[in-house]
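Visitor: Convert by adding 23 to the 1-based position in the sequence shown; the result is the number in the working numbering.
Glycine included, C-beta positions come from ideal geometry on N, C-alpha and C.
Remember, it's a predicted structure, so these values are computed and weren't measured experimentally.
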Amino acid sequence: MPIAPIAQTLSDSTGRYSTFDDQFADPETHLNALMQQNDHIEAMPIEKKMVHVIDREGDSVAHYREFEQKGYQWLIRGKESNTVEYLGQTLKLKDVTDQVATHEIKCIEYKGQKVMLHVGEADIRITRSAKPKQRNTEGKRVAPQVGEPVDVRLVVAQVKDATGKVLSRWSLLSNVAKEISCTELSNWYYWRWSIESYFKLLKQAGHDVESWLQTTPQAILRKLLVASMACVLTWRIQRCNDEQTTRVRAVLTRLSGRQQKRGKRESAPSILAGLSILLNTLKLLESYSVDELKEMAKIALGYPHEDV
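Here it is as structure tokens:
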């Protein structure tokens, strides 16, 4: 079951606004800002060991070293063009991934078809210098920074069709202890993709964030928080399996008017749309009786008056 976003940050050309800091912050690179947010999350009384799961943008050796210094655990999709050390050689991550043997794990659904997931792993080391995309006070690029090597687990996850053809591949880097299997790590990264459904709800299938009329970062951030709560509520309704919620899903989908795939669970966009209509209808019933609404429907659906 997804939980609400623990923290949210919004940036514009002048700086950053965040839910974990009342103060306006100066502009910062995305990864540096993300690290500050991670510091805040790690300090929260969550009572669980956290693993920070990040897409390829997080493949930064400077931030790996910072993660290590702070004792944070992470799982990050690697950029296959970056270099790593493997069996005493310095190679592109892609070339190492090509050498890692994988084994069949389970059947999964990928882009509407049944495929097999294959997973394997190897130990690698990252020794390259960090190359900050920053400039010093004189406006010059900061020089590459040499640092301590970082020992990493390389987890290779491949999706293959019935003929053995590789349809997709992920090179995942992690410092999580080996008591957690490579299969489990690949599942964690797979779960990260549920975030994409959140962005879909925000951007196009539900809240249409790009059409919002707010003009200040503060106003947009406030609306984002409300939209996030709506997304979480939608996910809860979508995933709950009790009889009452199943009936609610069916009604909301019917209200939405959106066609669903046969045999598939009701989609999050249809549930969100139906929920919006239901809540608006209940609000309407506070102002008009059922008989009044029926009369309005009769007028709306009737033929035009002769004198019009």
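Is the CB-CB distance between Pro-240 and Leu-33 below 7 Å?
Guide: Here residue 240 corresponds to residue number 217 of the sequence shown, with the count starting at 1. Here residue 33 corresponds to residue number 10 of the sequence shown, with the count starting at 1. Cβ atoms of Pro-240 and Leu-33: closer than 7 Å.
Visitor: Let me know the secondary structure DSSP gives Gly-297 once reduced to three states.
Guide: The count along the sequence shown starts at 1 and reaches residue 297 at position 274. Three-state result, Gly-297: helix.
Visitor: Who are the Cβ neighbours of Phe-43 in its own chain at under 6 Å, not counting the five residues just before and after it?
Guide: Start at 1 with the first residue of the sequence shown, and residue 43 comes out as number 20. For Phe-43, where only same-chain residues beyond five positions count, the Cβ hits under 6 Å are Ala-30 and His-63.
Visitor: Is the Cβ-Cβ distance between Arg-148 and Glu-108 less than 7 Å?
Guide: Residue numbering aside, residue 148 sits at position 125 when the sequence shown is read from its first letter. Residue numbering aside, residue 108 sits at position 85 when the sequence shown is read from its first letter. Yes, Cβ-Cβ distance for Arg-148 and Glu-108 is below 7 Å.
Visitor: What is the residue span of the beta strand (DSSP E) that Ser-191 lies within?
Guide: Working through the sequence shown from its first residue, we reach residue 191 at position 168. According to the DSSP assignment, Ser-191 belongs to the beta strand (DSSP E) that extends over 189 to 197.
Visitor: Quick test of your reading: Gly-94 and Leu-54, contact by CB under 8 Å. State the CB separation rounded to the nearest angstrom.
Guide: Here the question's residue 94 lines up with position 71 in the sequence shown. Here the question's residue 54 lines up with position 31 in the sequence shown. About 18 Å; that fails the 8 Å criterion.
Visitor: Let me know if Leu-275 comes out buried or exposed under the rule of 16 or more other beta-carbons within 10 Å of its beta-carbon.
Guide: Translated into positions along the sequence shown, residue 275 becomes position 252. Counting Cβ neighbours within 10 Å, Leu-275 comes out buried, since at least 16 surround it.
Visitor: In its own chain, which residues sit with a C-beta less than 7 Å from the C-beta of Ile-294, not counting the 5 before and 5 after it?
Guide: Within the sequence shown, the letter at position 271 stands for residue 294. The residues are Thr-257, Ile-260, Gln-261, Arg-272, Leu-275 and Thr-276.
Visitor: Give, in chain order, every unbroken run of the alpha helix (DSSP H) that is at least 4 residues long and sits entirely within the stretch 108 to 162.
Guide: 116 to 122
Visitor: By DSSP, does Lys-93 sit in helix, in strand, or in coil?
Guide: Indexing the sequence shown from 1 puts residue 93 at position 70. In this structure, Lys-93 counts as helix in the three-state DSSP scheme.
Visitor: Can you tell me where the beta strand (DSSP E) holding Glu-183 begins and where it ends?
Guide: Position 160 of the sequence shown, counted from the first residue, corresponds to residue 183. It is worth fixing the name first, because residue 183 is Lys in this sequence and not Glu. Lys-183: member of the beta strand (DSSP E) spanning 173 to 183, first to last residue.
Visitor: Using 8 Å for Cβ pairs, my map puts Gln-88 next to Ser-194. What's the rounded Cβ distance?
Guide: Position 65 of the sequence shown, counted from the start, is the residue given in the question as residue 88. Position 171 of the sequence shown, counted from the start, is the residue given in the question as residue 194. Checking the displayed sequence, the identity of residue 88 turns out to be Arg instead of Gln. Not quite, the Cβ-Cβ distance comes to about 20 Å (not below 8 Å), so this is no contact.
Visitor: If I'm right that His-141 touches Glu-127 with Cβ under 8 Å, what's the distance once you round it to whole angstroms?
Guide: Within the sequence shown, numbered from 1, the residue matching residue 141 stands at position 118. Within the sequence shown, numbered from 1, the residue matching residue 127 stands at position 104. The Cβ separation is near 5 Å, so the contact holds.
Visitor: Please report how far the alpha carbon of Lys-183 lies from the alpha carbon of Thr-106, in whole angstroms.
Guide: Stepping through the sequence shown from its first residue, residue 183 is reached at position 160. Stepping through the sequence shown from its first residue, residue 106 is reached at position 83. Answer to the nearest angstrom: the Cα atoms are 26 Å apart.
Visitor: Do Thr-125 and Val-179 have their C-beta atoms closer together than 7 Å?
Guide: The count along the sequence shown starts at 1 and reaches residue 125 at position 102. The count along the sequence shown starts at 1 and reaches residue 179 at position 156. Contact flag set, yes.
Visitor: Tell me where the beta strand (DSSP E) around Thr-32 begins and ends.
Guide: Counting from one through the sequence shown, the residue named residue 32 turns up at place 9. 32 to 34 is the span of the beta strand (DSSP E), which, as asked, contains Thr-32.
Visitor: Helix, strand or coil: how does DSSP classify His-230 here?
Guide: Along the sequence shown, read from residue 1 onward, the residue named residue 230 stands at position 207. Looking at His-230 - three-state DSSP - the assignment turns out to be coil, as it is neither helix nor strand.
Visitor: In this structure, how does DSSP classify Ser-209 when only helix, strand and coil are distinguished?
Guide: Stepping through the sequence shown from its first residue, residue 209 is reached at position 186. Note: Ser-209 maps to helix in three-state DSSP.
Visitor: Take Leu-305 as the anchor and find which of Leu-278, Arg-245 and Val-189 has the nearest alpha-carbon.
Guide: As a working mapping, residue 305 is identified with position 282 in the sequence shown. Of the residues Leu-278, Arg-245 and Val-189, the one whose Cα lies closest to the Cα of Leu-305 is Leu-278.
Visitor: Give every residue of the same chain whose Cβ lies closer than 6 Å to the Cβ of Gln-181, excluding the five residues on either side of it in the sequence, and list them in chain order.
Guide: Taking the sequence shown and counting its residues from 1, one reaches residue 181 at position 158. For Gln-181, where only same-chain residues beyond five positions count, the Cβ hits under 6 Å are Thr-125, His-141, Val-189 and Arg-192.
Visitor: Are Pro-50 and Ser-251 touching if we call contact CB-CB under 7 Å?
Guide: Residue mapping note: residue 50 aligns to position 27 of the sequence shown, counting from 1. Residue mapping note: residue 251 aligns to position 228 of the sequence shown, counting from 1. No, these two residues do not count as a Cβ contact at 7 Å.
Visitor: Within its chain, find whatever has a CB closer than 7 Å to the CB of Met-58; leave out the 5 residues flanking it on each side and keep chain order.
Guide: Here residue 58 is taken as the residue at index 35 of the sequence shown, counted from 1. Excluding sequence neighbours, Met-58 sits near His-86 and Glu-89.
Visitor: Terminal residues of the continuous alpha helix (DSSP H) containing Asp-45?
Guide: Indexing the sequence shown from 1 puts residue 45 at position 22. Counting along the chain, no alpha helix (DSSP H) covers Asp-45; the unbroken beta strand (DSSP E) around it starts and ends at 44 to 48.
Visitor: Using a Cβ-Cβ cut-off of 8 Å (strictly less than) and excluding sequence neighbours within five positions of Glu-103, which residues of its own chain qualify?
Guide: Along the sequence shown, one-based indexing puts residue 103 at 80. So the qualifying residues of the chain are Lys-115, Leu-116, Lys-117, Thr-120 and Ser-194.
Visitor: List the residues that DSSP assigns as beta-bridge partners of Thr-106.
Guide: Here residue 106 is taken as the residue at index 83 of the sequence shown, counted from 1. Looking at the DSSP assignment, Thr-106 forms a beta bridge with Lys-115.
Visitor: If you follow the alpha helix (DSSP H) that Val-76 is part of, which residue opens it and which one closes it?
Guide: Reading the sequence shown from its first residue, position 53 is the one you call residue 76. Segment 74 to 77 is the beta strand (DSSP E) holding Val-76; no alpha helix (DSSP H) there.
Visitor: Buried or exposed: Glu-289, going by 16 or more other Cβ atoms within 10 Å of its Cβ?
Guide: Counting from one through the sequence shown, the residue named residue 289 turns up at place 266. Buried.
Visitor: When you compare only the Cα positions, how much space is there between Ser-197 and Leu-177?
Guide: As a position in the sequence shown, residue 197 is number 174, starting the count at 1. As a position in the sequence shown, residue 177 is number 154, starting the count at 1. Ser-197 and Leu-177: Cα-Cα distance of roughly 7 Å.
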